[in-house]
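Undergrad: Mapping of the sequence shown onto our numbering: residues 121 to 249, in sequence order.
By construction, the Cβ of each residue, glycine as well, lies at the ideal position given by its N, Cα and C atoms.
Here the structure is a predicted model, which means the values were calculated and not measured.
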Amino acid sequence: MAKSKIPYESLSISDKIEVKRKKIQRLFRDLPAERKQFADGLIYQFAVTTVTLERLVEEINAGDLIEDFKQGAQQLRRETPALKSYNTTIKSFTSLSKSLLDLLPEKTQKQAGEELMNFATKPAGAGKR
Numbered sequence: 121m122a123k124s125k126i127p128y129e130s131l132s133i134s135d136k137i138e139v140k141r142k143k144i145q146r147l148f149r150d151l152p153a154e155r156k157q158f159a160d161g162l163i164y165q166f167a168v169t170t171v172t173l174e175r176l177v178e179e180i181n182a183g184d185l186i187e188d189f190k191q192g193a194q195q196l197r198r199e200t201p202a203l204k205s206y207n208t209t210i211k212s213f214t215s216l217s218k219s220l221l222d223l224l225p226e227k228t229q230k231q232a233g234e235e236l237m238n239f240a241t242k243p244a245g246a247g248k249r
């Protein structure tokens with residue numbers, strides 16, 4: 121019996137992380153053993169960060185970027201906590217991307233960098249090119 125494929129959007133957060141981890145791990149399968157162990161931790165964090173960014177984008181798109189709040193007698197405006205978290209998380213994502221790319225031989229860095237960005241920016245559940 122054929123396995124029915126569950127749409128990405130319906131997966132649990134931990135399953136989404138695992139899907140992302142497996143996809144990105146393919147780019148690093150040819151690393152030497154001493155680098156691979158280090159890369160595995162970075163790959164997992166990259167997958168977690170990517171799924172977190174997806175969740176934050178959904179929340180940001182569903183609401184406003186700026187919110188009004190009251191502090192004592194003052195009425196103030198600030199960026200939403202989701203936007204603040206997104207800005208922090210995107211910095212981690214960028215740092216993880218660079219760390220992962222630095223593990224690769226120079227000749228494969230450009231291609232892997234493009235694949236990493238496609239992996240991260242391609243909408244979840246989008247068809248293959």
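#1: Considering only their Cβ atoms, is the gap separating F148 from I163 smaller than 9 Å?
#2: If you draw a straight line from the C-alpha of R249 to the C-alpha of D160, how long is it?
#3: For A191, write down the residues that DSSP places opposite it in a beta bridge.
#4: For E129, list the residues DSSP reports as bridge partners.
#5: Do you know how far the Cα of T228 is from the Cα of R250?
#6: Given a cut-off of 9 Å, decide if G183 and T200 are closer than it, judged by their beta-carbon atoms.
#7: Contact defined as beta carbons within less than 8 Å: I believe A167 pairs with K140. What is the distance between those atoms, to the nearest angstrom?
#8: Check this for me: beta carbons of L173 and I210, under 9 Å apart or not?
TA: On the basis of the coordinates in this document:
#1: For the purposes of this step, residue 163 is taken as residue 43 along the sequence shown, with counting starting at 1. For the purposes of this step, residue 148 is taken as residue 28 along the sequence shown, with counting starting at 1. Against a cut-off of 9 Å, the Cβ pair of F148 and I163 comes out as a contact.
#2: Counted from its first residue, the sequence shown places residue 249 at position 129. Counted from its first residue, the sequence shown places residue 160 at position 40. Here the model assigns R249 a pLDDT of 38, short of 50, so the residue's position is not dependable and the matter cannot be decided.
#3: Along the sequence shown, read from residue 1 onward, the residue named residue 191 stands at position 71. Residue identity check: residue 191 is Gln in the sequence provided, not Ala. Bridge partners of Q191: Q194.
#4: On the sequence shown, position 9 is the one that residue 129 refers to. Residue pairing from DSSP leaves E129 without any beta-bridge partner.
#5: The first residue shown for the chain is 121 and the last is 249, placing residue 250 beyond what the model contains.
#6: Looking up residue 200 in the sequence shown gives position 80. Looking up residue 183 in the sequence shown gives position 63. Yes.
#7: As a first step, residue 167 is located in the sequence shown; it is residue number 47 there, counting from the start. As a first step, residue 140 is located in the sequence shown; it is residue number 20 there, counting from the start. Contact flag correct, Cβ pair sits at about 4 Å.
#8: Walking along the sequence shown from the start, residue 173 turns up at place 53. Walking along the sequence shown from the start, residue 210 turns up at place 90. Contact flag set, yes.
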